[in-house]
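Asker:
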Amino acid sequence: MSALAAGRARRVLLAAALLRALCGPADADMVWRRGALGDPGSLDPHKATTLIENDVLAELFEGLFARNARGGLIPALAQEWSVDPTGLVYRFRLRADARWSNGDRVEAGDFVYAFRRLMDPKTGAPYASILYTLKNAEAVNAGKAPPEALGARALGPLELELTLERPTPYFLEQLAHFTARPVHRASVEASGGDFAHPDKIVTNGPFRLKAFVPLDKVVVEKNPLYRDAASVRLDRQVFIPIEDRSAALRRFMAGEIDSYGEVPVEEIDFVRAVLPDALRLSDSLGGYYLALDTRHAPFDDARVRNALSMALDREFLAGKIWGGTMAPLYAFVPPGIDAYGAPQAPAWAGLSLVRRREEARRLLAEAGREGLKLDIRFNNAGGHRATAVALADMWRAIGVEASVTGTDAATHYALLREKPPFDAARMSWFADYPDAQNFLFLAESGNQGLNTASFKDPDFDALMKAAGEAADPGERRAKLREAEALLLRAQPFIPLMAYRASRLVSPRIRGFEPNALDVHPGRFVTVAPE
Numbered sequence: 005m006s007a008l009a010a011g012r013a014r015r016v017l018l019a020a021a022l023l024r025a026l027c028g029p030a031d032a033d034m035v036w037r038r039g040a041l042g043d044p045g046s047l048d049p050h051k052a053t054t055l056i057e058n059d060v061l062a063e064l065f066e067g068l069f070a071r072n073a074r075g076g077l078i079p080a081l082a083q084e085w086s087v088d089p090t091g092l093v094y095r096f097r098l099r100a101d102a103r104w105s106n107g108d109r110v111e112a113g114d115f116v117y118a119f120r121r122l123m124d125p126k127t128g129a130p131y132a133s134i135l136y137t138l139k140n141a142e143a144v145n146a147g148k149a150p151p152e153a154l155g156a157r158a159l160g161p162l163e164l165e166l167t168l169e170r171p172t173p174y175f176l177e178q179l180a181h182f183t184a185r186p187v188h189r190a191s192v193e194a195s196g197g198d199f200a201h202p203d204k205i206v207t208n209g210p211f212r213l214k215a216f217v218p219l220d221k222v223v224v225e226k227n228p229l230y231r232d233a234a235s236v237r238l239d240r241q242v243f244i245p246i247e248d249r250s251a252a253l254r255r256f257m258a259g260e261i262d263s264y265g266e267v268p269v270e271e272i273d274f275v276r277a278v279l280p281d282a283l284r285l286s287d288s289l290g291g292y293y294l295a296l297d298t299r300h301a302p303f304d305d306a307r308v309r310n311a312l313s314m315a316l317d318r319e320f321l322a323g324k325i326w327g328g329t330m331a332p333l334y335a336f337v338p339p340g341i342d343a344y345g346a347p348q349a350p351a352w353a354g355l356s357l358v359r360r361r362e363e364a365r366r367l368l369a370e371a372g373r374e375g376l377k378l379d380i381r382f383n384n385a386g387g388h389r390a391t392a393v394a395l396a397d398m399w400r401a402i403g404v405e406a407s408v409t410g411t412d413a414a415t416h417y418a419l420l421r422e423k424p425p426f427d428a429a430r431m432s433w434f435a436d437y438p439d440a441q442n443f444l445f446l447a448e449s450g451n452q453g454l455n456t457a458s459f460k461d462p463d464f465d466a467l468m469k470a471a472g473e474a475a476d477p478g479e480r481r482a483k484l485r486e487a488e489a490l491l492l493r494a495q496p497f498i499p500l501m502a503y504r505a506s507r508l509v510s511p512r513i514r515g516f517e518p519n520a521l522d523v524h525p526g527r528f529v530t531v532a533p534e
């Protein structure tokens, strides 16, 4: 570390120590103050879409399965389960000791109600497609069948039967997702569906909602009626939205937060030198992309999309802009799913950047799009602005003029969800479960809630359907890889980088385990005294 950096480090640490002294002694309760990358848009499990929301929902609601500290699948409300020889009918016996935070017993009917509400088109759940594995789910969600036709029924208060559209090897993994958790029918209906408020919400997870102040904090407190409350050591968790990564670093060093989800890229060397015990780097099943709006010209032309993708220097983005906390990505499915095989790449990925840009200019000329102008949309946080500026600079090399438009996270994620016309938009995707399907389904034409690029290709849909119907794992993998190869030829989503988790975690936080899904349930965490 240089003398300048060392001096800066001493000044920051001194300021942090003074601030801690001025703040007085730590709270006697065991509290995990979690810096969040942004504000949760909704705490309704059927309206949420982001990791920011998922982190809170994992504390409030519990489904049939959950994740342990290492991201592994564990039984939660499912005490026993079986599947019939066809692989289509699953039966679950629920735990008898599970209670809602108001004292009501959690029953099979709560799951049936939640699954029907998720698929009811009136709910407008953007994530409904993740559970199209349930029988008739897609038809119900499209308004072509009533909610009662869904493959979910209660055989008794504690007996739940779920029937699938086709055998699905990752179905139990899906049941740990927030869309597969029950909701309390009486409180949902009493509020007219607007139940995600501290004075209205009834939950069944390790924690219950104490406060939700937009742009300020979300507070959850230990739920004394949780089935395993005796093992939960935390009294409270406070989620504090901080979009400015540098501000988050300062607050972490001042002891105002105990963890944060992303190290500011411009400070990575400083953090490595000054906070080595707090820096947690690990591989993560996540991809960083640009979505191109294929609903309008010129982005409805695969030649234009490929030209834009060819011209980009992913190695520069990952190494220089993101300081090695990302890896270059040419595949749509990032590395880390062993059963899927090695990452794929478009045919041109092996060419030099000079050759790729020559080909990009040729494709733009062929498409009649020389002098193309476009706008890049992104959320103002971390390295996203620097990334957008770098992309605009790279595109100038092929005669494309790009402007950049940054907004706060809530506005940007609303754009991705509601999809007004745009040119290019930054997006990311982190695996809900470790399977290539969980990335590729984003491009299915029936998945318009998550298909940010509005991509539609019947051949791609047919390959995904064939993969879903394949009984043989080898055949399924082959169809998925064929579908990804088609997607890489079409380039509606431009893969840029694969994520590596780069978190700040205080040494006081115990039970925080790095894992590829980057999930960290509070029920397994303790906070040591200062």
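Here the numbering used here is used: the first residue of the sequence shown is 5, the next is one more, and so on. Here a beta-carbon is modelled for each residue, glycine too, at the ideal position from N, C-alpha and C. Treat the numbers as computed from the prediction; the structure is a model and nothing was measured.
1. Could you round the C-beta distance between L367 and I498 to whole angstroms and report it? I think they count as a contact, below 8 Å.
2. Just how far apart, CA to CA, sit C27 and G259?
3. Go ahead and label I246 buried or exposed: buried means 16 or more other beta carbons lie within 10 angstroms of its beta carbon, across all protein chains shown.
4. Quick one: using the 10 Å Cβ neighbour count with 16 as the cut-off for buried, is I78 buried or exposed?
5. What residue range does the alpha helix (DSSP H) around A494 cover?
6. Let me make sure I understand the geometry here. Which of G39, E63 and L376 has the alpha-carbon closest to that of S105?
7. Tell me, to the nearest whole angstrom, how far the beta carbon of E534 is from that of R507; I am working on the premise that it is less than 8 Å.
8. Going along the chain, which residues of its own chain have a beta-carbon closer than 8 Å to the beta-carbon of G160, five neighbours each way excluded?
9. If we require 3 or more residues per run, which beta strand (DSSP E) segments fall completely within the region 260-322?
10. Under the three-state reduction of DSSP, which class applies to L244: helix, strand or coil?
11. Tell me where the beta strand (DSSP E) around A70 begins and ends.
12. Going by DSSP in three states, R378 sits in which element: helix, strand or coil?
13. If I measure Cβ to Cβ from K469 and keep anything under 7 Å in the same chain, skipping five residues before and after, which residues do I get?
14. Assuming E225 is part of the beta strand (DSSP E), what are its boundary residues?
15. Closest to P525 by C-alpha separation, out of G39, D59 and G147, would be which residue?
16. In terms of alpha-carbon separation, which member of G155, S46, P462 and T172 lies closest to D439?
17. So, is R400 buried or exposed, given that buried needs 16 or more other C-beta atoms within 10 angstroms?
18. Could you tell me which residues DSSP pairs with A457 in its beta bridges?
19. According to the neighbour-count rule (16 or more other Cβ atoms, all chains shown, within 10 Å of its Cβ), is A184 buried or exposed?
20. Taking the C-alpha atoms as reference points, what is the distance between L395 and A301?
21. Report the partner residues of L168 according to the DSSP bridge assignment.
22. Leaving out the 5 sequence neighbours to the left and right, which residues in its chain are closer than 8 Å to W36 when beta-carbon positions are compared?
23. Report yes if the C-beta distance between V408 and A429 is below 9 Å; otherwise report no.
24. Which word fits L219, buried or exposed, when buried means at least 16 other C-beta atoms lie within 10 angstroms of its C-beta?
25. Is the beta carbon of F65 sitting closer than 9 Å to the one on T207?
26. On a Cα-Cα basis, can you pick out the residue from P496, L55, E488 and E479 that is closest to E266?
27. Less than 9 Å between the C-beta atoms of G75 and E517, yes or no?
28. Which residues mark the beginning and the end of the alpha helix (DSSP H) in which W399 is found?
29. According to DSSP, which residues form a beta bridge with A383?
30. Candidates G67, I341 and A306: which alpha carbon is nearest R373's?
31. Quick one: Cα of G478 to Cα of E488, how far?
32. Shortest alpha-carbon distance to D43 belongs to which of M431, A413, Q452 and D436?
33. Is it the case that the Cβ atoms of R157 and L164 are separated by a distance below 9 Å?
34. Between which two residues does the beta strand (DSSP E) harbouring M431 extend?
35. Measuring CA to CA, which of M34, G410, D522 and L41 is closest to R284?
36. Look up G42 in the DSSP assignment and give the residues it is bridged to.
Answerer: This is what the structure holds:
1. Counting from 1 along the sequence shown, the entry for residue 367 is found at position 363. Counting from 1 along the sequence shown, the entry for residue 498 is found at position 494. Not quite, the Cβ-Cβ distance comes to about 14 Å (not below 8 Å), so this is no contact.
2. Taking the first residue of the sequence shown as position 1, residue 27 is located at position 23. Taking the first residue of the sequence shown as position 1, residue 259 is located at position 255. Model confidence at C27 stands at a pLDDT of 38, short of 50, so the residue's coordinates are unreliable; what they give is reported in the following sentence. Cα-Cα distance, rounded: 9 Å.
3. Counted from its first residue, the sequence shown places residue 246 at position 242. Label assigned to I246: buried.
4. To locate residue 78, count along the sequence shown from 1; it is residue 74. Result: exposed.
5. As a first step, residue 494 is located in the sequence shown; it is residue number 490 there, counting from the start. Start and end: P477 to A494.
6. As a working note, residue 105 is residue 101 in the sequence shown. Here the closest residue by C-alpha is E63.
7. In the sequence shown, residue 534 corresponds to position 530, counting from 1. In the sequence shown, residue 507 corresponds to position 503, counting from 1. In fact, because the Cβ distance is near 20 Å, the residues do not count as touching under 8 Å.
8. The count along the sequence shown starts at 1 and reaches residue 160 at position 156. Once the five neighbours on either side are set aside, the close Cβ partners of G160 are A112.
9. 283-296
10. Taking the first residue of the sequence shown as 1, we reach residue 244 at position 240. In the sequence under discussion, the amino acid at residue 244 is Ile, which differs from the Leu named in the question. Correct three-state label for I244: strand.
11. Within the sequence shown, the letter at position 66 stands for residue 70. A70 -> beta strand (DSSP E) spans F69 to R71.
12. Here residue 378 corresponds to residue number 374 of the sequence shown, with the count starting at 1. It should be pointed out that residue 378 corresponds to Leu in this sequence rather than to Arg. Strand at L378.
13. Residue 469 sits at position 465 when you count from the first residue of the sequence shown. Within the same chain, K469 has no close Cβ partners at all.
14. To locate residue 225, count along the sequence shown from 1; it is residue 221. Where E225 is concerned, the enclosing beta strand (DSSP E) stretches over K221 to K226.
15. Position 521 of the sequence shown, counted from the first residue, corresponds to residue 525. Selected option, being the one with the closest Cα: D59.
16. If you number the sequence shown from 1, residue 439 lands on position 435. The shortest Cα separation from D439 among G155, S46, P462 and T172 belongs to T172.
17. Position 396 of the sequence shown, counted from the first residue, corresponds to residue 400. Looking at its Cβ environment, which holds fewer than 16 other Cβ atoms inside 10 Å, R400 is exposed.
18. One-based indexing of the sequence shown puts residue 457 at position 453. Paired residues: none, contrary to the question.
19. Mapped onto the sequence shown, residue 184 falls at position 180. It is buried - the Cβ of A184 has at least 16 other Cβ atoms within 10 Å.
20. Reading the sequence shown from its first residue, position 391 is the one you call residue 395. Reading the sequence shown from its first residue, position 297 is the one you call residue 301. The straight-line gap from Cα to Cα measures roughly 20 Å.
21. As a first step, residue 168 must be located in the sequence shown, where it is residue number 164. In DSSP, L168 forms a bridge with L138.
22. Your numbering for residue 36 matches position 32 in the sequence shown. Only L238, R240, Q241, V242, D262, S263, I513, G526, V529 and V531 meet the Cβ criterion.
23. Within the sequence shown, the letter at position 404 stands for residue 408. Within the sequence shown, the letter at position 425 stands for residue 429. Taking 9 Å as the Cβ cut-off, V408 and A429 do not qualify as a contacting pair.
24. Within the sequence shown, numbered from 1, the residue matching residue 219 stands at position 215. Exposed, because fewer than 16 other Cβ atoms sit within 10 Å of the Cβ of L219.
25. The residue you call residue 65 lines up with position 61 of the sequence shown. The residue you call residue 207 lines up with position 203 of the sequence shown. Contact: yes.
26. For the purposes of this step, residue 266 is taken as the residue at position 262 of the sequence shown. Minimum Cα distance to E266 is reached at L55.
27. Here residue 75 is taken as the residue at index 71 of the sequence shown, counted from 1. Here residue 517 is taken as the residue at index 513 of the sequence shown, counted from 1. For G75 and E517, yes; Cβs fall inside 9 Å.
28. One-based indexing of the sequence shown puts residue 399 at position 395. From DSSP, the alpha helix (DSSP H) with W399 extends over H388 to R400.
29. Along the sequence shown, read from residue 1 onward, the residue named residue 383 stands at position 379. The sequence given here places Asn at residue 383; Ala does not occur at that position. BP columns for N383 point to T411.
30. On the sequence shown, residue 373 is found 369 positions in, with the first residue counted as 1. Considering only alpha carbons, the answer is A306.
31. Counted from its first residue, the sequence shown places residue 478 at position 474. Counted from its first residue, the sequence shown places residue 488 at position 484. Cα to Cα, the separation comes out at about 15 Å.
32. For the purposes of this step, residue 43 is identified with residue 39 of the sequence shown, where counting begins at 1. Among M431, A413, Q452 and D436, the Cα nearest to that of D43 belongs to A413.
33. Locating residue 157 in the sequence shown gives position 153, counting from the first residue. Locating residue 164 in the sequence shown gives position 160, counting from the first residue. Yes, these two residues count as a Cβ contact at 9 Å.
34. Sequence index remark: in the sequence shown, residue 431 carries index 427 (1-based). Segment A428 to F434, the beta strand (DSSP E) holding M431.
35. Numbered from 1 along the sequence shown, position 280 holds the residue referred to as residue 284. Comparing Cα positions, the closest option is D522.
36. On the sequence shown, position 38 is the one that residue 42 refers to. Bridge partners of G42: none, in fact.
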